[in-house]
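Its first residue numbered 17, the sequence shown is counted upward by one per residue in the working numbering.
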Amino acid sequence: MATTLRDFRRSATALGLGLMALGQDGLAQAQQVPPQAPALPTSGVAVTPTLSAQVSHSDNATLASNSARQSDTILSLSPGLSVQYLGPTTSVRGQMQVSAVTYLQNTQADRVLPNGRLALHSEWARQGLGLDASVSADQVRSQFTSASSSGTTTADTYTNTRVHVSPFLERELDPQTRVRARLERSQVHSNANSSGLASRPNTSVNGASVALTRQPTRLGYALEANYQDTQADGQAQSLYTQRLVKGTLLYAVTPELDLGPVLGRESTDLPQQHFSGTVKGAQADWHPNERTRLKALVEDRFFGMGWSGDLSYRTSKVAWGLTSTRQVESYASPTASGLAAGGSTQVLLDALLTSRIPNEAERAKAVNDLMVQRNLPSQLGSTRDLYDLNVQLRQNIAARAALMGVRSTVLLTAGQLRSQPLDPNALTTVLGSGGRTRDRYVDTQLNHRVTPLSTLSAGLRFSRAESISLLTGTTTSTRELGLRLTMSAWMSPRSQVVGGLRHMRAVYEGSGGTITENMVFAGLEHRF
């Protein structure tokens, strides 16, 4: 074991020095050529291997209470792959990397951690057949109220790998009428990164849906049927089974406003309960101009009122939106993804560039280039993972905004996510903690291009998480503050050095415990 670790350190050091040499060789070229992501060739394919090396020092590598903190130096070597394929009928986008994380003072076990997401969308021309698929991996803390690490860590974490496969059929019967059918399977596999953590069973969701819609010139309709079944390894019966059939009558009040009532039937099975009844509601779609849109759906369901709504507005420099949902989700649901969504940087930048770049494929590449050039994060918002196999009723509200200038970009998201078990009277500790949770957060990021080759980034995050166990009656709450400051500089068109510091302070209310972590880091990133 010692020999292997020594060899890894030597190899990582050699690779880091080699990458620095690559950067120095291209420094003169970088002073004349602005940095950018590799351009797509004429075939529409860009597959870019990446390699990053980072050394960081944390004064609380185990994220223990301040009285038991242990410092450590952490070495991370991360080869990866960035893919952009934009063909006539198929696209593949995303990036995936594998980080070999080593603790030089052995405060934590060394691990290899995958991270990232790749997504495929394909359609067979003239056949109406297609396939959506994705794979993603990330690290999550074991408890909903656990303090967040300032950097990559294996302390008290699981690695979640999510796979989603969905073949579909979509055909246009006439210019206003379309039929769609889709099969779905999503699976979550969790691996413990720390000793002492309990194993988690694999969970999966199988689904099927069919829909027939007619866009209203004056009158239109939408008929749909959905089926979903959620299962977990080791459980004799399904955790959640739902069947839903409904129809919507659409009326174009004006060319910019569609309204319609919703009517249907549903049947839902939980491990110890069965629900069935009528679904009633209404939906609206308002788009007064190309920059503004409001979509809303409100329904009376077996769990009470359910809804989904999204209001968005964009200009060439500002984009903002407000989203609110109340719906049933399981841990493996494709819409849940285990994390509370706050604000996707890609979505905000795509909205900002829509007026300038109408073509979707060209705009996707421009968004990727902009994120690389300005060193922007892929996601802001809540990153807390709620692991509970009891099916959850989740209510989410999130505001997002982006402001992009010639040299500066400001990203902001704020919101609240509330969850509770769908059936509080049928909880079981076998399925999870069985509690009501709430997460309120504000997360902001400022990126300023100091020179054509250097960018200064600053971030501030505040969150307050609360968990109330319905089984034991205990309450756990955490108030957390995070600060981050990063400086990046391009050494060549494909290599940049990155350095900075991060601070995290979490206070456990009630118990009075405090966890603080300060981290400094430096690294080198290269795109081949």
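Even for Gly, the Cβ is constructed at its ideal location relative to N, Cα and C.
Mind checking who residue i pairs with in its DSSP beta bridge?
i	result
residue 176	154 and 206
residue 478	458 and 497
residue 344	409
residue 424	464
residue 299	276 and 313
residue 417	336 and 428
residue 452	484
residue 293	282
residue 434	411 and 454
residue 115	129
Return the CA-CA distance between residue i and residue j, expressed in angstroms with no decimal places.
i	j	result
residue 73	residue 364	33 Å
residue 225	residue 239	11 Å
residue 437	residue 202	21 Å
residue 100	residue 476	31 Å
residue 70	residue 510	17 Å
residue 193	residue 237	9 Å
residue 396	residue 79	22 Å
residue 262	residue 174	39 Å
residue 367	residue 399	23 Å
residue 292	residue 221	21 Å
residue 508	residue 541	11 Å
residue 486	residue 108	43 Å
residue 394	residue 491	32 Å
residue 538	residue 323	45 Å
residue 16	residue 300	Residue 16 lies beyond the residue range present for the chain, which begins at 17 and ends at 544; the question has no answer from this structure.
residue 465	residue 247	48 Å
residue 303	residue 329	10 Å
residue 177	residue 115	15 Å
residue 230	residue 271	15 Å
residue 531	residue 387	32 Å
residue 215	residue 206	8 Å
residue 106	residue 306	27 Å
residue 85	residue 504	30 Å
By DSSP, does residue i sit in helix, in strand, or in coil?
i	result
residue 286	strand
residue 262	strand
residue 362	helix
residue 281	strand
residue 369	helix
residue 148	strand
residue 77	coil
residue 165	coil
residue 385	helix
residue 354	Low confidence applies to residue 354: its pLDDT is 37, below 50, so where it sits in the model is not reliable enough to give any reading.
residue 138	strand
residue 82	helix
residue 380	helix
residue 306	coil
residue 492	strand
Hey, residue i and residue j are a contact pair by Cβ (cut 8 Å); roughly how many whole angstroms apart?
i	j	result
residue 319	residue 282	The Cβ separation is near 10 Å, so there is no contact.
residue 296	residue 419	Contact doesn't hold; Cβ gap of about 41 Å is too wide.
residue 524	residue 494	6 Å
residue 151	residue 179	5 Å
residue 103	residue 132	Actually they do not touch by this definition, with Cβ atoms about 22 Å apart.
residue 428	residue 417	5 Å
residue 117	residue 90	6 Å
residue 473	residue 463	5 Å
residue 408	residue 345	6 Å
residue 88	residue 120	7 Å
residue 276	residue 265	5 Å
residue 113	residue 94	5 Å
residue 454	residue 432	7 Å
residue 483	residue 184	The pair is not a contact, with the Cβ atoms about 38 Å apart (cut-off 8 Å).
If we count the other Cβ atoms within 10 Å of its Cβ and call it buried at 16 or more, is residue i buried or exposed?
i	result
residue 250	exposed
residue 171	buried
residue 422	exposed
residue 232	buried
residue 502	buried
residue 459	buried
residue 122	exposed
residue 520	buried
residue 204	buried
residue 375	exposed
residue 371	exposed
residue 280	buried
residue 289	exposed
residue 211	exposed
residue 496	buried
residue 544	exposed
residue 189	exposed
residue 518	buried
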